[in-house]
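Step one of this worksheet: look at the structure below.
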């Protein structure tokens, strides 16, 4: 069971890193300042953001003590507390 949780964490980290690479300047506060970003590109980004927010919501239920990134700032690194990681390992 713990390996599944750790796999989910790794998957979310990879997805955030990929989104940052592809859409690094496309977070809400920055898009207001950058009027030149095409609307079609933004429309393509929204479903991915919603999927990631859904995964983060599931993760917060699995590991309630972990600091999670705000859905409006996906650049925040997911850093899990020792308490949370220990809890995940001991539940195996």
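Residue numbers (my numbering): 214 to 305. We put the beta carbon where it would ideally sit given N, CA and C, even for glycine. As the structure is a prediction and not an experimental result, all values here were calculated from the model.
Straight-line Cα distance separating residue j from residue i
i, j, result
"residue 270", "residue 263", "11 Å"
"residue 218", "residue 272", "8 Å"
"residue 216", "residue 230", "21 Å"
"residue 220", "residue 261", "19 Å"
Sub-8 Å separation of residue i and residue j beta-carbons
i, j, result
"residue 265", "residue 223", "no"
"residue 225", "residue 274", "no"
Helix, strand or coil at residue i according to DSSP, with G and I counted as helix
i, result
"residue 217", "helix"
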